[in-house]
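*Asks:*
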Amino acid sequence: MTPQQNINMWFLIFAGQLAADGQYQTLLDLGFKREHIGILQKLRLSDVTGIVGSVTGAVIQAKVDPAAVDILFRIGDRLRTEREVELEFIKAGASQRLMNELFGIDVHQYVLDRDLLGIKGTDSGRRRKIADETASWVWMLWHSDGDKGNDKASEITKYLDTHRATGLSLRDIENIIRDNDTQYNQGHGGTKKEKTIPERRRKETHATC
Numbered sequence: 001m002t003p004q005q006n007i008n009m010w011f012l013i014f015a016g017q018l019a020a021d022g023q024y025q026t027l028l029d030l031g032f033k034r035e036h037i038g039i040l041q042k043l044r045l046s047d048v049t050g051i052v053g054s055v056t057g058a059v060i061q062a063k064v065d066p067a068a069v070d071i072l073f074r075i076g077d078r079l080r081t082e083r084e085v086e087l088e089f090i091k092a093g094a095s096q097r098l099m100n101e102l103f104g105i106d107v108h109q110y111v112l113d114r115d116l117l118g119i120k121g122t123d124s125g126r127r128r129k130i131a132d133e134t135a136s137w138v139w140m141l142w143h144s145d146g147d148k149g150n151d152k153a154s155e156i157t158k159y160l161d162t163h164r165a166t167g168l169s170l171r172d173i174e175n176i177i178r179d180n181d182t183q184y185n186q187g188h189g190g191t192k193k194e195k196t197i198p199e200r201r202r203k204e205t206h207a208t209c
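For the record, in the sequence shown the residue sitting at position 112 is 112 according to full-length UniProt numbering, with numbers rising by one throughout.
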C-alpha cells in the first residue's frame, strides 16, 4: 500500500464517521459534494476495508504512515471542535444570519442542523422585548474586554460568554448588539460607547420634555 492509499483509507473511514455523526458541514468543508454525503451515510467499515482490500490485500495488517495519519486526525480534531461550536450556537438560539456571518452556514445547512438537533419551528417571528436593564447588562458585558479583538474568533467567544453569563438566547444578544451598535454609530461616529442603554434613553426622554 502506498502512502497515498494509506491516507485515502483513513480519510474515507474518517469521512464515513463524520457522516454517521451528522456533521454535514464539516464534510462540505472537506470538499465533499452534497450527493456524496448520502453515499457516505450508507458506507460501513466493511465497505471501506473491502474497497482498499481489493487493491492491497490484508488491510488491517497494512503499514500506515504515522505522520500522515497524525496530520489527518489533527485536522479532524480541529474541524470537529469547530463543528461542536457551530452546534452550540444553534442550540443557544443563533439566527441563520449570525450563523452565516460567523461560520458561513447557508439556509439549507442551517435547517439541516436544526433538524439534527431536534429544534422545531422556523427562523422567524416577532422579536422578543428585552428590558432596558437587561439590554444594558448585555451591552456592558459585550464591551467588558475594552473592545480588544474584533476578528470572528473573538466575536464567537464574546457571543458564547455573554450567552452563558446572561442566559439570553444568541438571537436576543445579537439584536441588542446590532441595535445599539447602529445607534452609537449614528450618534457618536462609531467611536465611543460612553453610556449604558437606560442612561441614553433617559437623556433622550428629558430632551423632549
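Here a beta-carbon is modelled for each residue, glycine too, at the ideal position from N, C-alpha and C.
Since we're looking at a predicted model, the values are computed, not measured.
Shortest alpha-carbon distance to residue 128 belongs to which of 157, 172 and 119?
*Replies:* 172
*Asks:* Can you look up residue 32 in the DSSP assignment and give me helix, strand or coil?
*Replies:* Residue 32: coil per DSSP, three-state reduction.
*Asks:* Using a Cβ-Cβ cutoff of less than 6 Å, which residues in the same chain neighbour residue 116 once the five nearest sequence positions on both sides are dropped?
*Replies:* Here residue 116 has 22 as same chain residues with Cβ atoms under 6 Å from its own Cβ, once five neighbours each way along the sequence are excluded.
*Asks:* Using only alpha-carbon positions, find the residue among 156, 141 and 142 that is nearest to residue 94.
*Replies:* Out of 156, 141 and 142, 156 has the C-alpha closest to the C-alpha of residue 94.
*Asks:* Here's the rule: buried if 16 or more other CB atoms are within 10 angstroms of the residue's CB, otherwise exposed. What is residue 113?
*Replies:* When all chains shown are included, residue 113 counts as buried.
*Asks:* State the Cα-Cα distance for the pair residue 18 and residue 132, rounded to the nearest angstrom.
*Replies:* Spanning the two alpha carbons is a distance of roughly 43 Å.
*Asks:* If we call anything under 7 Å between Cβ atoms a contact, is residue 138 one with residue 90?
*Replies:* Result no, Cβ atoms of residue 138 and residue 90 do not sit closer than 7 Å.
*Asks:* Starting from residue 156 and walking both ways along the alpha helix (DSSP H), at which residues does that stretch end?
*Replies:* 152–166
*Asks:* Below 7 Å between beta carbons: does that hold for residue 214 and residue 25?
*Replies:* The question about residue 214 has no answer here: the residues shown for the chain are numbered 1 through 209.
*Asks:* Cβ atoms of residue 30 and residue 37: under 7 Å apart, would you say?
*Replies:* no
*Asks:* Do residue 87 and residue 152 count as a contact pair if the criterion is CB distance below 7 Å?
*Replies:* no
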